[in-house]
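**Student:** Be aware that the sequence shown starts at 3, since it is given in the working numbering, and climbs by one per residue. Ideal Cβ placement from N, Cα and C applies to all residues, glycine included. It should be emphasised that the depicted structure is a prediction, and the values quoted were computed from it without experimental measurement.
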Amino acid sequence: MAPLVLSGIDPASLRPLFDLDDAGLAAHHAVRHIADSARGFPCRVSLRDAAVGEELLLVSYRHPPAASPYRVCAPVFIRRGAMPARLAANEVPPHVAHRLLSVRACDPADCRGAAEVREGVQVGAWLGSQLDDPGIAQAHLHSARHGGCLCHAGRAGADPRTQLRWNIALASSTMPSMWQKTLRWMRRKRRSMRGP
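#1: Could you tell me the alpha carbon to alpha carbon distance between Glu-56 and Arg-82, rounded to whole angstroms?
#2: Per DSSP, what kind of secondary structure is Val-125 in: helix, strand or coil?
#3: Do Val-78 and Val-125 count as a contact pair if the criterion is CB distance below 9 Å?
#4: What does a CB cutoff of less than 6 Å around Gly-137 pick up in its chain, not counting 5 residues either side in sequence?
#5: Within its chain, find whatever has a CB closer than 7 Å to the CB of Ala-4; leave out the 5 residues flanking it on each side and keep chain order.
#6: Using only CA atoms, which one of Leu-6, Asp-12, Leu-60 and Ser-39 lies nearest to His-30?
#7: For Pro-86 versus Ser-9, is the C-beta spacing smaller than 9 Å?
#8: Compare the beta carbon distance of Val-47 and Asp-12 with 9 Å and say whether it is the shorter of the two.
#9: If you follow the beta strand (DSSP E) that Leu-8 is part of, which residue opens it and which one closes it?
#10: Restricting to runs no shorter than 3 residues, where is the beta strand (DSSP E) found entirely within the region 84–163?
#11: Let me make sure I understand the geometry here. Which of Ala-37, Ala-141, Glu-118 and Cys-45 has the alpha-carbon closest to that of Val-54?
#12: Apply the 10 Å Cβ neighbour rule to Val-119 and answer buried if 16 or more other Cβ atoms are within range, or exposed otherwise.
#13: Please return the same chain residues whose Cβ sits closer than 7 Å to the Cβ of Ala-139, not counting the five positions on each side in sequence.
#14: Enumerate in chain order the residues of its own chain whose CB-to-CB distance from Trp-128 is below 7 Å, with the five nearest sequence positions on each side excluded.
#15: Quick one: what's got a C-beta closer than 6 Å to Ala-91's C-beta in the same chain, skipping five residues either side?
#16: Since I believe Cys-151 is in contact with Ala-76 (beta carbons under 8 Å), could you give me their beta-carbon distance rounded to a whole number of angstroms?
#17: Could you check if Leu-102 is buried or exposed, using at least 16 other CB atoms within 10 Å of its CB as the buried criterion?
#18: Under a three-way DSSP split, which group does Asp-23 fall into?
#19: Determine the closest residue to Ala-116 out of Leu-49, His-142 and Val-123, with distance taken between C-alpha atoms.
#20: Would you please state the rounded distance, in angstroms, between the beta carbons of Ile-80 and Leu-58? I believe it to be under 8 Å.
#21: Comparing C-alpha positions only, which one of Leu-19, Cys-113 and Ala-146 sits nearest to Ala-99?
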């Protein structure tokens with residue numbers, strides 16, 4: 003079984019949204035929430051459920067980043083002050099393990115390779131078997147009941163440019179013109195990672 007790593011998104015381009023009022027958030031297709039239960043508010047950055055009383059934003063997240071027929075917008079929660087998850091290889095965090103999941107494995111063009119509905123406690127083995135296939139590049143995990151995008155799965159030790167590509171897609175999908183500087187910086191960073 004291929005070692006895998008589940009990853010969240012970089013919150014840098016989203017943090018300024020927390021300073022907006024409700025009208026400003028609406029212009030960005032976002033809504034503010036205060037968690038009123040210990041489950042039901044899975045943060046896409048930290049890969050953990052928000053605690054009761056924590057502030058979150060619900061934003062529209064476009065993925066996969068490639069121009070694929072499977073490209074969609076899905077709702078994601080972002081906790082205020084959340085730091086990106088740093089999970090060990092093959093670690094499945096509780097916010098994934100206790101949910102019923104829709105899991106989609108994709109080829110390098112971000113087209114579907116395989117799809118299943120699995121209990122979260124079973125997802126590690128299924129993802130590992132999919133990533134054993136060299137034709138599968140990554141997978142996406144969604145809540146099967148509510149449809150929210152929970153996390154991205156890739157091979158442990160994979161090229162970091164894959165995550166940067168996801169962050170660029172997030173920035174371009176949720177931010178209008180005032181965020182273009184951030185997007186340009188991310189694109190320059192991606193080009194510099196390619197090397198000569």
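**Tutor:** Result, derived from the coordinates:
#1: Start at 1 with the first residue of the sequence shown, and residue 56 comes out as number 54. Start at 1 with the first residue of the sequence shown, and residue 82 comes out as number 80. Using only the alpha carbons, I get a separation of about 8 Å.
#2: Working through the sequence shown from its first residue, we reach residue 125 at position 123. If DSSP states are grouped into helix, strand and coil, Val-125 belongs with the helices.
#3: The count along the sequence shown starts at 1 and reaches residue 125 at position 123. The count along the sequence shown starts at 1 and reaches residue 78 at position 76. No, these two residues do not count as a Cβ contact at 9 Å.
#4: Position 135 of the sequence shown, counted from the first residue, corresponds to residue 137. Excluding positions up to five away in sequence, the list reads Asp-109.
#5: What you label residue 4 is simply residue 2 of the sequence shown in a count that begins at 1. The answer, listed in chain order, is Gly-130, Leu-133, Asp-134 and Arg-157.
#6: Your numbering for residue 30 matches position 28 in the sequence shown. The residue with the shortest Cα to Cα distance from His-30 is Leu-60.
#7: Along the sequence shown, one-based indexing puts residue 86 at 84. Along the sequence shown, one-based indexing puts residue 9 at 7. Yes, the pair counts as a contact, with Cβ atoms nearer than the cut-off.
#8: Counting from 1 along the sequence shown, the entry for residue 47 is found at position 45. Counting from 1 along the sequence shown, the entry for residue 12 is found at position 10. Result yes, Cβ atoms of Val-47 and Asp-12 sit closer than 9 Å.
#9: Sequence index remark: in the sequence shown, residue 8 carries index 6 (1-based). Where Leu-8 is concerned, the enclosing beta strand (DSSP E) stretches over 6–9.
#10: 102–108, 114–121, 140–145 and 151–157
#11: For the purposes of this step, residue 54 is taken as the residue at position 52 of the sequence shown. Measuring from the Cα of Val-54, the nearest candidate turns out to be Ala-37.
#12: The residue given as residue 119 occupies position 117 in the sequence shown. That one is exposed.
#13: Position 137 of the sequence shown, counted from the first residue, corresponds to residue 139. Cβ neighbours of Ala-139 beyond the five flanking positions: Cys-108, Asp-109 and Pro-110.
#14: Position 126 of the sequence shown, counted from the first residue, corresponds to residue 128. Excluding positions up to five away in sequence, the list reads Val-105, Glu-118 and Arg-120.
#15: Taking the sequence shown and counting its residues from 1, the one referred to as residue 91 is at position 89. So the list reads Pro-5, Val-7 and Ala-158, once near-sequence residues are dropped.
#16: For the purposes of this step, residue 76 is taken as the residue at position 74 of the sequence shown. For the purposes of this step, residue 151 is taken as the residue at position 149 of the sequence shown. So it is a contact: roughly 4 Å between Cβ atoms.
#17: Your numbering for residue 102 matches position 100 in the sequence shown. Under this definition Leu-102 is an exposed residue.
#18: Along the sequence shown, one-based indexing puts residue 23 at 21. If DSSP states are grouped into helix, strand and coil, Asp-23 belongs with coil.
#19: Here residue 116 refers to the residue found at position 114 of the sequence shown. Cα-wise, what sits closest to Ala-116 is His-142.
#20: For the purposes of this step, residue 80 is taken as the residue at position 78 of the sequence shown. For the purposes of this step, residue 58 is taken as the residue at position 56 of the sequence shown. That belief holds up - the Cβ atoms of Ile-80 and Leu-58 are roughly 6 Å apart, short of 8 Å.
#21: For this step, residue 99 is matched to residue 97 along the sequence shown. For Ala-99, the nearest C-alpha among the options comes from Ala-146.
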